[in-house]
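Asker:
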Amino acid sequence: MKLAYYPGCSLSTTGIEYNMSTLAVARTLGLDLWEIPEWNCCGASSAHLTNHLLALALPARNLAIAEEAGLDVAVPCAACFARFKATEAAVKDSAETRATIEEVIGRKYEAKYTVKSLLDVFVNTVGLSQIKTLVNRPLEGLKVAPYYGCLLVRPHKITQFDDPEDPVTIDQIMSAIGAEPVYWGYKTECCGAAHPTVVPEVGLKMLKSIYQGARDAGADCIVTACPLCLTNLDMRQKEVGEQNNTQYNLPVFYFTELVGLALGHDPHTLGIDKHFVDALAFLKNKGFLNPVQNRRDSE
Amino acid sequence: MSIEAVKADKAASQENWEPKILVFACNWCTYAGADLAGLSRLQYPPNVRILRVPCSGRVNPQFVIRAFQKGIDGVLVAGCHPGDCHYATGNYFTRRRYLVMQRLLEFMGMDPARFQARWISGSEGPKFQQVVTQLTQDIKALGPNRKLRDME
Amino acid sequence: MLKNLEEVRVFMERINLTPGLAQAKPIRDSLKEHCGTDVGRCYQCGKCTAGCPVAFAMDYTPREIVRLLQLGLKEEALKSKTIWLCATCDTCSTRCPREVEPAKLMEGLRQEAKAKGLVADKRLDLFNDLFLQLVEKYGRVHEMGLILKFNLLSAQPLKDAGHGPGMFLKGKINPLPHTIKDNGEVKQIFARVRALGGEGK
Amino acid sequence: MKRVGVFICHCGTNIAHTVDCEKVAKTAAEFPHVVFSTDYKYMCSEPGQMVIKNAIKEHKLDRIVVASCSPRMHEPTFRKCMESAGLNPYLMEMANIREHCSWVHPDKEKGTEKAIDLVKMAVAKVVKNTPLTRSSIPIHKRALVIGGGIAGIQAALDIADAGYVVDIVEKEPSIGGRMAQVDKTFPTLDCSACILTPKMVDAAQHPNINLVTYSEIEKVEGYVGNFEVTIRHKARSVDVSKCTGCGTCWEKCPTKVASEFELGLGTRKAIYTPFPQAVPNKPVIDRDNCRYFKTGKCMVCQKLCPTGAVDYTQEDQLETIRYGAIVVATGFDLFDHSVYGEYGYGKYPDVITGLQFERLINASGPTAGKIKRPSDHKEPKTIVFIKCVGSRDEAKGKPYCSKTCCMYTAKHATLVKEKIKDSQAIVFYMDVRTPGKNYEEFYQRAVDEYGVQYVRGRVSKIYQKGDKLIVKGEDTLLGKQVEVEADMVVLATAMVARSDAGDLARKVGFSYDQHDFFTEAHPKLRPVETHTAGVYLAGACQGPKDIPDSVSQASAAAAKVCGLLSKNEMATEPIISAVNESICSGCGLCISICPYKAIDLKTITERVHGKMLERQVAAVNSGLCQGCGACTVACRSSALNLRGFTNEQILAEVDALCL
Ligand SMILES: Cc1cc2nc3c(=O)[nH]c(=O)nc-3n(C[C@H](O)[C@H](O)[C@H](O)COP(=O)(O)OP(=O)(O)OC[C@H]3O[C@@H](n4cnc5c(N)ncnc54)[C@H](O)[C@@H]3O)c2cc1C
Ligand SMILES: Cc1cc2nc3c(=O)[nH]c(=O)nc-3n(C[C@H](O)[C@H](O)[C@H](O)COP(=O)(O)OP(=O)(O)OC[C@H]3O[C@@H](n4cnc5c(N)ncnc54)[C@H](O)[C@@H]3O)c2cc1C
Ligand code: SF4
Ligand code: SF4
Ligand code: SF4
Ligand code: SF4
Ligand code: SF4
Ligand code: SF4
Ligand code: SF4
Ligand code: SF4
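Quick note, the sequences are listed as chains Z, C, S and H, same order. Each residue of the first sequence is one higher than the last, beginning at 1 in my numbering. Each residue of the second sequence is one higher than the last, beginning at 1 in my numbering. Each residue of the third sequence is one higher than the last, beginning at 1 in my numbering. Each residue of the fourth sequence is one higher than the last, beginning at 1 in my numbering.
1) What first and last residue would you give for the alpha helix (DSSP H) that runs through Z/Cys229?
2) What residues of chain C sit near H/Pro131, judged by a beta carbon separation below 9 Å?
3) Return helix, strand or coil for H/Phe518, following the three-state DSSP convention.
4) For Z/Arg98, collect the residues of the same chain with a Cβ closer than 6 Å to its Cβ; drop the 5 residues on either side in sequence, then sort them by chain order.
5) Name the chain Z residues whose beta carbon is nearer than 9 Å to that of H/Tyr660?
6) H/Lys303: buried (16+ other C-beta within 10 angstroms of its C-beta) or exposed?
7) Of all the options H/Pro89, H/Ser84 and H/Lys114, which has the alpha carbon lying nearest to the alpha carbon of H/Arg98?
8) Which chain S residues are close to H/Val459, counting only those with a beta carbon under 8 Å from its beta carbon?
9) Closer than 8 Å by beta-carbon distance: list the chain H residues that pair up with S/Ala55, in chain order.
10) Sort Z/Cys191, Z/Val126 and Z/Gly192 by Cα distance to Z/Ile173 and report the nearest one.
11) Would the region 111–125 of chain S count as touching the region 222–238 of chain Z if we require 3 or more Cβ pairs under 8 Å?
12) Output the boundary residues of the beta strand (DSSP E) element that contains H/Cys9.
13) Counting Cβ pairs closer than 8 Å, one from the region 214–223 of chain H and one from the region 291–309 of chain H, do we hit at least three?
14) In three-state DSSP terms, what is C/Arg103?
15) Might you give, ordered along the chain, the residues of its own chain that have their beta carbon closer than 7 Å to the beta carbon of S/Asp182, omitting 5 neighbours on each side?
16) Which chain H residues sit within Cβ distance under 7 Å of Z/Tyr148?
17) Starting from H/His233, follow its DSSP beta bridges and name the residues at the other end.
18) Check the C-beta distance from S/Gln70 over to S/Val39 and give it rounded, since I have them as a contact under 8 Å.
19) Under the three-state reduction of DSSP, which class applies to H/Phe275: helix, strand or coil?
20) Tell me the residue span of the beta strand (DSSP E) that contains Z/Val34.
21) Please decide whether H/Gly644 counts as near chain Z, where near means a Cβ-Cβ distance under 9 Å.
22) Would you list, in chain order, the members of the region 183–215 of chain Z that have their beta-carbon closer than 8 Å to a beta-carbon of chain B?
23) In this structure, does DSSP put C/Arg118 in helix, strand or coil?
24) Could you name the residues of the same chain whose beta carbon sits closer than 8 Å to that of H/Gly534, not counting the 5 residues immediately before and after it, in chain order?
25) Does the separation of the CB atoms of H/Val4 and H/Arg63 fall below 9 Å?
26) Could you list the residues in the region 207–223 of chain H with a C-beta less than 8 Å from some C-beta on chain Z, going in chain order?
27) Pick helix, strand or coil for Z/Ile306, following the three-state DSSP scheme.
28) Within the same chain, show all residues whose beta-carbon is closer than 8 Å to that of S/Gly51, passing over the 5 residues directly before and after it, in chain order.
29) Which of the three DSSP states is assigned to H/Ile352 in this structure?
30) Would the region 167–185 of chain Z count as touching the region 249–266 of chain Z if we require 3 or more Cβ pairs under 8 Å?
31) Taking the C-alpha atoms as reference points, what is the distance between Z/Phe276 and S/Val135?
32) Below 8 Å, can you find three or more Cβ-Cβ pairs linking the region 240–249 of chain Z to the region 202–217 of chain Z?
33) Measuring only the C-alpha atoms, how far is H/Tyr42 from H/His10?
34) Mapping the DSSP letters down to three states, classify C/Met108 as helix, strand or coil.
35) Can we say the region 417–437 of chain H touches the region 379–394 of chain H, given the rule of at least three CB pairs closer than 8 Å?
36) Can you list, in chain order, the residues of its chain with a C-beta nearer than 7 Å to that of H/Val620? Leave out the 5 residues immediately preceding and following it.
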């Protein structure tokens, strides 16, 4: 299965382990990810907040390149996914918008192919049963809080992905690899996006309620599908804990990392050593780092 | 300028030309509304002639075409507000037919504005007054109807 | 939170509704056109605010912003911190029973506030500007540069300094800017967008 | 040769002031077929009518035109006048030269000119008039009530008391409806069963009432006074004539399933009555769940029944009965709140509906009246009520207000405070609507005497945290986000139409709105009638309603039924549609157009080239046709015509005006 792949800015920097784990796991799952050559930043919320047309045009250039190659596009980052979807919808909706966008980007783009979140690709293109059969290190006893954030599921009209109030794709993937997703109320709560950096007095409080929610639900760790969410939840955890005289000790993973682990990949290949909240030690404690037979990396 | 327009121009310049307008009025709403306008002594131009029908849904497009053929200058079909039809659904048919009719008239080379449909309830005397006043003005502006005698 | 007496006074001042109400209809119409959402439909149920993850920090709750707009008090909304604090998470829009979309209003108001120079919280605005400058220049975002520059310009140079080395060591930040080989195309996009209608909407 | 007389009325000066009546009369005398024309001061007065009668006699008039006021005023007067002069009353037309002319046009010249036109049109029309005769249809003096809730029971009792036989067809094994599920009733808090049970028993024992339970309407044919209704008696598997209601069978039946009546909070057996006070108190076997029907084994109930009433071989029976009138009282359902993801999609066991709450506080309910939450049967201390769930919510539910939930929520909160002394009852609301006698007082008592806490705002999210439900809202009066840790949440879900409401309406042949509530003939002035003659509405099937409203409407519907049944026959207007069979192609287009289902196809035999051929043509049922004329326009062959307003009559008017 060949798909165009748009890693986005974060996956080459703060979210590098998302990229590493995605590429590693994709290979095992038989996904051929073709990175869009010379892709550009999608503009993220900054463009969205500043100028409507800019926010549509920046993603459109990438989509146009993928369209030239005749491929659906897989997007791991939730923020990029939301922006791409908005562009796709706008172009489909109105010929006028399409013309303007084509003029601005200097390329043809007709939204002939579909933008898919990586989660969607895992659940609906690869399939849960396929993942299940490839597991050789089931993460039994791992209680994870699946965290989707807001951008994957909203606005539902545009993302058309999973359920806006109770999304389940991460939950399903976690169950498929033997982990135990907990039910909690913060699945789609916002992580604050740029707020923890830009307006920390607000952003850190937003994070606090999420940590608290995961802890109350009895989770050992949090799983996400968004580099922005992960960076916020991971990097700020200590700080927020200190502010509130507590330690949350909730490692934060990309779902691809846990899938990779379950498929038998080496945690370093997956980038699990790159987290702020010590994920390696945590996994070791849980007994998930014992060598498995038939390790994927040796193939 | 179309032939009709040229003729209209000529006729309109003839002094004292007054249009004749036929109103198909539903017995339960618009006819009663016109009665109320009378009861309230609301004045309006004397150009309209009301033809009572049980329901606006009774108005066959052929009646309208016949009126235009015979030289009427404007036709109004008026009945109960959508949802208020005395017969539950009659005025929905009217609404649908109205659009078809307008297109047909246009095809026949008439200004579709000569044919209008309006919803006027039994309590809307003032609305009746206002609608026919406006209609009379509109039709006056269009000038006399070239008779469609030769059509069909 | 009421910090001092003066704030109390301003907060409690009686509003003369007459001038605002005269504006209410045109404001409602223009919002309908520009934001695609109709404040007139809101029945002030508060469901938007109830679910908003940032409402605790706002000077007006999202519902109150809609109320200001209904009453024609748009200036007040434009001057609010709320519109800058909104995280565009879309929770409000998703749940509104009247299909009003407060998130879209916030977006529209921000663009207008910026155009009118009424930015109540400069930090988020600055962040967005810097972000886009990077995209225009390099085609991609260089997060290290972004954060350093933001902290410098927002006068909190030492903030996040603690995270920097960790990031660096984990290979998460690259000291050199990322770029795409030929960024001409992206620069073009910015130029054309500007030509078509400038920065604001 | 037709002989038309024209009579121009002055109406004192009302007409004569701005219309030159004499001139109109003179001009009219010249119109074709007019043999006599005159004007007179007051046409409707006794002497005025004498003028007409004398002229008819003297000039051998066979039809007349009266130019005077609106026909909506004096058409009946002049029709009677025709009759007493020995002419068919429908050979008369009126020209409205008062309301439509003299009163609105001050210019006498223009007014006169218009009056002449109007008279000309009327003359042209009357020439084409044909005699029409009113017919009459017999009225069958028996009524059908569909649905045995409080509305249906009340309507049946009132009709029966007036001396008419009435059948209640109820699809469940017992009558009682929703009210049987409710515990106490606002605004007086008297127990629902205490006031409903006696009514159910009255209905069962009334000599004029037949309870037809566990039965449904299969087909309705005919029309007012003469409905032919086919009823399906569903196989009960119990011979009611033998059963004594002893209860042995359902005590011993080994199969337990979730009870519909208890809304899943309790269980019942496979052979069951829905609730202890059921009327009739005779069980049915739920064949989908009964072991015998599933596996062929068991038969415990049959073995133990002391009267040999259990009969597995019963089959559905169809019965056709003739009725003069029908009252539809099929009530309502509750909105399914599982579309609310933010409230847990109906997955949290302790988020329940108001009707489930009624069962929880009901002494004969699954918890014997102790408020226990479903998940762990603990007594909840903090209960949150959320109003307008599914109501007033276009995004997820219905735009309308359900009318009863403000009141029953106040009732529920009061009962919580009464039953659990150290409890908190918190109501999230947008508005409190209490328009009824003693309703506002009831709500205020909940607040000031019982200490129910009202918080203005719609809840955005509920989620489970441990054994608590976290409820997040805004207090919009404070402008602050608020949160409650609740033990149980009760949703005031919208009242919606029964899922089969549309089907029933189509079967019986009356209209319903976009929410499937049944449509009354006029929202203010004919609230219990439908557009279909002889079919009436009562209770919540017409729109959300509480018990007092349902009962009043039921009595009103009963009054209408009695009014109808009190007559032996009913006159029908002759202004109805007629088919010209010779040109009808039998295409059937007209059938779906008719809002009253008055048109059917029938088979006729005719001789063509010496051979007898059968073909289908349209037939208009004179009992059903209301004379709207919609069908006449739909017919491509112009086979349909509306008597009194025929194509020829209308075209004659058009021509008269234009020439
Ligand atoms: C939670 C709750 C609490 C309430 N509390 C109060 C209160 O305290 N006071 C108050 O005044 N009102 C109260 N109400 C409102 C009250 O329940 C209604 O006003 C009342 O039940 C309406 O009666 P009905 O006969 O119209 O309908 P229903 O009670 O619904 O009866 C309709 C009957 O028709 C039968 N039926 C349905 N379809 C068919 C069919 N196709 N063929 C044959 N039979 C059919 C049904 O089985 C049912 O028996 C409450 C409502 C709710 C939801
Ligand atoms: C401002 C206003 C606006 C309203 N608008 C609406 C609306 O838009 N829609 C709506 O549905 N409702 C409306 N209503 C309500 C509506 O007016 C009433 O529901 C309705 O008039 C009640 O009718 P009734 O016959 O019961 O009483 P009334 O209209 O009061 O009639 C009672 C009659 O009894 C006569 N009478 C009184 N005492 C005696 C006596 N001792 N002996 C003999 N005769 C007596 C009176 O003279 C009167 O003619 C409105 C009410 C108000 C005040
Ligand atoms: S949720 Fe919608 S209707 Fe309710 S207050 Fe917010 S904007 Fe208004
Ligand atoms: S979009 Fe903005 S206003 Fe709406 S809920 Fe999210 S943060 Fe609050
Ligand atoms: S018939 Fe009509 S117009 Fe003539 S006097 Fe009587 S009320 Fe007046
Ligand atoms: S055991 Fe027999 S008589 Fe007794 S209730 Fe059951 S069916 Fe009726
Ligand atoms: S035969 Fe059916 S109804 Fe009778 S006792 Fe057995 S399971 Fe129950
Ligand atoms: S009655 Fe009250 S709770 Fe029910 S829908 Fe109306 S306002 Fe809401
Ligand atoms: S006139 Fe109207 S009611 Fe009568 S048959 Fe025709 S459509 Fe039906
Ligand atoms: S009456 Fe006309 S429409 Fe009806 S079946 Fe006959 S031809 Fe068809």
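Cβ atoms here follow ideal geometry from the backbone N, Cα and C, with glycine treated the same way.
Answerer: On the basis of the data shown:
1) Pro227 to Met235
2) Residues of chain C passing the Cβ test: none, with the nearest at roughly 19 Å.
3) strand
4) Val91
5) Nothing about residue 660 of chain H can be reported from this structure: the residues present for chain H run from 1 to 659 only.
6) exposed
7) H/Lys114
8) Lys47 and Ala50
9) Glu474 and Gln481
10) Z/Val126
11) no
12) Val4 to Cys9
13) no
14) helix
15) none
16) The contacting residues do not exist; Z/Tyr148 stays about 13 Å from chain H at best.
17) H/Ser215 and H/Gln317
18) 5 Å
19) coil
20) The sequence given here has Trp at residue 34 of chain Z, not Val. Here the beta strand (DSSP E) through Z/Trp34 covers Asp32 to Glu35.
21) no
22) Annotation note: the requested chain B is absent from the structure, which comprises protein chains Z, C, S and H.
23) strand
24) Tyr223, Val224, Gly225, Phe227, Gly324, Ala325, Ile326 and Leu564
25) yes
26) none
27) The structure shown does not extend to residue 306 of chain Z, since chain Z spans only 1 to 299, so no value can be given for it.
28) Thr91, Cys92 and Arg95
29) strand
30) yes
31) 27 Å
32) yes
33) 6 Å
34) coil
35) yes
36) Ile576, Ser577, Ala578, Val579, Ala598 and Ile599
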